[in-house]
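Heads up: the structure comes next, in structure tokens.
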Amino acid sequence: MPRLCYGYDFRARIKYDRCMDWFFIGLLAQFVLGTSAVFDKLILKKSYPNPVGYTFWLGILGLAFVLALPFGFEFVSLPVFFLGILAGCVFLCGMLFYFWALYYGEGSGSIVAISGFSPVATLVFSTVLLGTFLEGYQMASFALLVAGGFLLALLEQKGSRLWALFLVLIAAGFFGLSNILSKIVFDQTNFITGFFLTKIGGALMAFVFLLYPRWRGAILHPKGASEFRHKWAYVLNRGYAGIGSFLVFYAISLGTPPLVDALQSIRFFIIFIGGWLILREHLRFRILLGEFVAFTAISVAILVIGAGDYMRMTVPDPNRLVTWGVTFSQKFASDFGIPWEETYRAILDDLGVKHLRLIAYWDVLEPERGRFDFSGLDYQMQLAREHGALVVLAVGQKLPRWPECHDPGWVLSLGADERKKEFETFLALVVARYRDDPALRYWQVENEPFLPFGECSTISRDAVDTEIALVRAQDPSHWILTTDSGELGLWYSAARRGDVFGTTMYRRVHNNIFGYIEYPLPPGFFRLKERLVRFALGDQQKPFLVAELAAEPWMTKQLWETDPKDQLTFFDESFFEDTIEYAKDAGFDEYYLWGVEWWYWLKVKHDNPIFWVRARQLFQQP
Numbered sequence: 001m002p003r004l005c006y007g008y009d010f011r012a013r014i015k016y017d018r019c020m021d022w023f024f025i026g027l028l029a030q031f032v033l034g035t036s037a038v039f040d041k042l043i044l045k046k047s048y049p050n051p052v053g054y055t056f057w058l059g060i061l062g063l064a065f066v067l068a069l070p071f072g073f074e075f076v077s078l079p080v081f082f083l084g085i086l087a088g089c090v091f092l093c094g095m096l097f098y099f100w101a102l103y104y105g106e107g108s109g110s111i112v113a114i115s116g117f118s119p120v121a122t123l124v125f126s127t128v129l130l131g132t133f134l135e136g137y138q139m140a141s142f143a144l145l146v147a148g149g150f151l152l153a154l155l156e157q158k159g160s161r162l163w164a165l166f167l168v169l170i171a172a173g174f175f176g177l178s179n180i181l182s183k184i185v186f187d188q189t190n191f192i193t194g195f196f197l198t199k200i201g202g203a204l205m206a207f208v209f210l211l212y213p214r215w216r217g218a219i220l221h222p223k224g225a226s227e228f229r230h231k232w233a234y235v236l237n238r239g240y241a242g243i244g245s246f247l248v249f250y251a252i253s254l255g256t257p258p259l260v261d262a263l264q265s266i267r268f269f270i271i272f273i274g275g276w277l278i279l280r281e282h283l284r285f286r287i288l289l290g291e292f293v294a295f296t297a298i299s300v301a302i303l304v305i306g307a308g309d310y311m312r313m314t315v316p317d318p319n320r321l322v323t324w325g326v327t328f329s330q331k332f333a334s335d336f337g338i339p340w341e342e343t344y345r346a347i348l349d350d351l352g353v354k355h356l357r358l359i360a361y362w363d364v365l366e367p368e369r370g371r372f373d374f375s376g377l378d379y380q381m382q383l384a385r386e387h388g389a390l391v392v393l394a395v396g397q398k399l400p401r402w403p404e405c406h407d408p409g410w411v412l413s414l415g416a417d418e419r420k421k422e423f424e425t426f427l428a429l430v431v432a433r434y435r436d437d438p439a440l441r442y443w444q445v446e447n448e449p450f451l452p453f454g455e456c457s458t459i460s461r462d463a464v465d466t467e468i469a470l471v472r473a474q475d476p477s478h479w480i481l482t483t484d485s486g487e488l489g490l491w492y493s494a495a496r497r498g499d500v501f502g503t504t505m506y507r508r509v510h511n512n513i514f515g516y517i518e519y520p521l522p523p524g525f526f527r528l529k530e531r532l533v534r535f536a537l538g539d540q541q542k543p544f545l546v547a548e549l550a551a552e553p554w555m556t557k558q559l560w561e562t563d564p565k566d567q568l569t570f571f572d573e574s575f576f577e578d579t580i581e582y583a584k585d586a587g588f589d590e591y592y593l594w595g596v597e598w599w600y601w602l603k604v605k606h607d608n609p610i611f612w613v614r615a616r617q618l619f620q621q622p
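Heads up: the sequence shown begins at 1 in the UniProt record's numbering, then just goes up one per residue.
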């Protein structure tokens, strides 16, 4: 079974980072093996056309690993010993067919085909021997890999097309079986011991080659003096490839074999470029186009396998501490025909919410130019303070709830420069008013500013930077939260500007073109996206949270204008539960649910407290 990386908590990243060692080791291994494969093709074609002899000496040279035994050898049980020997024998058989395919086919064709089929073989043997089964993303990858492999085989020279395909399939099968057998051994002993056993197995299989007279002659008495013209190049390349092989098996010992094997996309690129530039392989336009299509298909498949297995490996600890909060909108609550103060008090008194995201609407706080009314927001902050709740206070031109932009009507007659000046004056006033409030935790500057959504344009990067600088100047003691769309945003631009990053998480939405859709994204999508963005930022410590976890239906009309029965066909209690579990599996530690005003409206106006009651359990759990 794959080794799961529990505890997806960036305040305690050591366990997680160790689980990722296989990835970086695997990348280095594929670079070494890719360049070695190009040299293989060069040596075999031009100086040593003897795949059997090449494989034999590969097995013998593996015995050099005996030098590493002082660094960690241990005795193992008899079954583990024989499994290690068998893994080495199978691996050497795979290498024999690999070299045959390399000899008879194009360097940038057969090798890529082997690399395409090998992850599939590894997955199949993983299913049979480890009891794992192909999931949806693996089946999709399987189809792409097979299609790419067949296309590459069809691009081979006409006379060797079927023969090359046969060699490719056999080599891939041996490699897949060897990967899984090796993984079983590594799980039962340390890496030094397990790898040494596979090298012993490879050497024994090499000696078996000597039992066949024809092969013995090819090994001990190769024909043609020119075959040994580059003997030292052969020896050096074997040592170089041995380093790559060592790194691959070390990565397998740390991770899951299908995922490690899938990293061969790096090798594809090196072999493809090497075959074209160094080996001067003949690539007509038809072949070049075919190889490009096959390479693209295989690369996409490998990315899917890699991303899918990554998401499966980084399962967050189900027992970790998760913080739940809500977004509250004074304007949205009022639209339901219930005094917004009543709804807000119920959130704090009845639900027991301790984490709030509140909104400083410009049109509410400054309904007329120069006339401010902070009574509503003052009340919200005061009540939060009295209940010991912490507040994320959203400020900006684009804020939560439709129509996203909430400018007061009086600014419409102003020019751009004057409007900007008025907004900055307002923003500075809000920050100065609440910066010393004990309930304040973060400032949120703008809401998904780079997402084109709502009845207003996106906010420019310069404008966001100006607003952030203004808030920091007024209040250097509180962190700034920036947000972006979970499904549609790239995150990077928003995340790099704030001290904290918040994503949205919407699973069912309505689109004017496609109607109602549910994003086919697993929870691991967010874990993978977060990891990539953190890598791009070079920041593993920045807090990431979910600023909007959709827990209300997305209707074509406003919720207070639609029938609750219709709403519940789109978002019912079971989907609410599923959303909570989905969010937990996404791996974040803090979530702000979106829809508390709707829950209260259903409870008070329609005698349906199902969401309110379930939310109370969520917020009051220990």
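Just so you know, even glycine gets a beta-carbon here, dropped at the ideal spot from N, CA and C.
| Run through DSSP, which three-state label would R347 get? | Correcting the residue identity first, residue 347 is Ile in this sequence and not Arg. When DSSP states are grouped into helix, strand and coil, I347 belongs to the helix group.
* Could you check the C-alpha separation between Q620 and L351 for me, to the nearest Å? => Computed Cα separation, rounded: 7 Å.
Practice item. Pull up the DSSP beta-bridge partners for R433, would you. Key: Bridge partners of R433: none, in fact.
If you draw a straight line from the alpha carbon of F196 to that of D465, how long is it in whole angstroms? Each residue's Cα considered, the two are about 57 Å apart.
Exercise. From the DSSP output, in three-state form, read off F332 for me.
Key: The answer is helix: DSSP assigns F332 an H, G or I state.
For this session: May I have the straight-line CA-CA distance separating V395 from A360, to the nearest angstrom?
Result: CA-CA distance, V395 to A360, rounds to 5 Å.
For F588, the three-state DSSP class (helix, strand or coil): The answer is coil: DSSP assigns F588 none of H, G, I, E or B.
Distance CB(V391)-CB(R441) smaller than 8 Å:
Yes, the pair counts as a contact, with Cβ atoms nearer than the cut-off.
Original post:
Using a Cβ-Cβ distance under 8 Å, would E573 count as near chain D?
Top reply: Structure shown: chain D not included; a single protein chain is present.
Check your understanding: So, using beta-carbon positions, are F328 and V596 closer together than 8 Å?
Key -> Cβ distance < 8 Å, so F328 and V596 count as in contact.
query = Are G255 and G84 close, meaning C-beta to C-beta below 8 Å?
reply = No, the Cβ-Cβ distance between G255 and G84 is not below 8 Å.
**Message:** Considering Cα atoms alone, identify which of F570, D475, T483 and W443 is closest to I459.
**Reply:** Nearest C-alpha to I459: T483.
- Task: For A297, collect the residues of the same chain with a Cβ closer than 8 Å to its Cβ; drop the 5 residues on either side in sequence, then sort them by chain order.
- Result: Same-chain partners within the cutoff: L144, L145, A147, G148 and L151.
Which parts of the segment 349-402 are runs of the beta strand (DSSP E), unbroken and 3 residues or longer, counting only runs that do not cross its ends? For the segment 349-402, whole beta strand (DSSP E) runs of length 3 or above, ordered along the chain, are 355-359 and 390-395.
TODO: Report the option in I610, G34 and F588 whose CA atom is closest to the CA atom of L321.
DONE: Comparing alpha carbon positions, the residue from I610, G34 and F588 closest to L321 is F588.
#### Entry: Burial state of D187, where buried means 16 or more other Cβ atoms lie within 10 Å
Label assigned to D187: exposed.
Practice prompt. Taking R461 as part of the alpha helix (DSSP H), name the residues at either end of that continuous run.
Written response: Element bounds for R461: R461 to Q474.
- Message: Y519 and R507 - do their beta-carbons sit closer together than 8 Å?
- Response: Cβ distance < 8 Å, so R507 and Y519 count as in contact.
_R441 - containing beta strand (DSSP E), residue span_ = According to the DSSP assignment, R441 belongs to the beta strand (DSSP E) that extends over L440 to V445.
Can you tell me where the alpha helix (DSSP H) with D484 in it begins and where it stops? Per DSSP, D484 lies in no alpha helix (DSSP H) segment; the continuous beta strand (DSSP E) that holds it begins and ends at W479 to D484.
Legend entry - Classification of N511 by the beta-carbon crowding that lies within 10 angstroms, buried from 16 upward: Exposed is the call here.
**Pair within 8 Å by beta-carbon distance, V38 and G274** = The Cβ atoms of V38 and G274 lie closer than 8 Å to each other.
| query | Smallest Cα separation from S178: which of L393, S126 and L528? | reply | Out of L393, S126 and L528, S126 has the C-alpha closest to the C-alpha of S178.
| task | Evaluate M505 with the Cβ neighbour count: other Cβ atoms within 10 Å of its Cβ, from every protein chain shown; 16 or more gives buried, anything less gives exposed. | result | M505 sits buried, since 16 or more C-beta atoms from the chains shown fall within 10 Å of its C-beta.
Using the Cβ count rule (16 or more neighbours within 10 Å means buried), how would you classify L380? The sequence given here places Gln at residue 380; Leu does not occur at that position. By the beta-carbon neighbour count (other beta carbons within 10 angstroms, threshold 16), Q380 is buried.
### Query
Where DSSP assigns a beta bridge to N512, which residues make up the other side?
Paired residues: none, contrary to the question.
Quick check on the DSSP output: what are the complete beta strand (DSSP E) runs of length 3 or more inside the segment 178-245, in order along the chain? Secondary structure remark: continuous beta strand (DSSP E) runs of at least 3 residues inside the segment 178-245: none found.
- request: Could you say which of K331, N319, P339 and V353 lies nearest to G325 if we only look at CA atoms?
  value: Taking only the C-alpha atoms, the option nearest G325 is V353.
Using DSSP with H/G/I as helix, E/B as strand and the rest coil, what is S47?
Reliability fails at S47, whose pLDDT of 47 lies under 50, so the model's placement of it is uncertain and the value that follows must be treated cautiously. S47: coil per DSSP, three-state reduction.
- [ ] Check L254 in the structure and name its three-state DSSP category.
- [x] Three-state DSSP puts L254 in a helix.
Practice problem: Could you tell me whether the Cβ atoms of A251 and I302 are closer together than 8 Å? | Solution: No, the Cβ-Cβ distance between A251 and I302 is not below 8 Å.
Rounded to whole angstroms, what's the CA-CA distance from F207 to V248? Just pull it up for me. The C-alpha of V248 is placed about 24 Å away from the C-alpha of F207.
task = For E341, name the three-state secondary structure that DSSP assigns.
result = If DSSP states are grouped into helix, strand and coil, E341 belongs with the helices.
Ends of the alpha helix (DSSP H) at M95? Unbroken alpha helix (DSSP H) run through M95: L78 to Y104.
**Study point:** Residues sharing a beta bridge with M505, DSSP
**Key:** In the DSSP output, where bridge partners are listed per residue, M505 has L549.
* Asked: Under 8 Å between the Cβ atoms of E404 and G486?
  -> Taking the C-beta atoms as reference points, G486 is found no nearer than 8 Å to E404.
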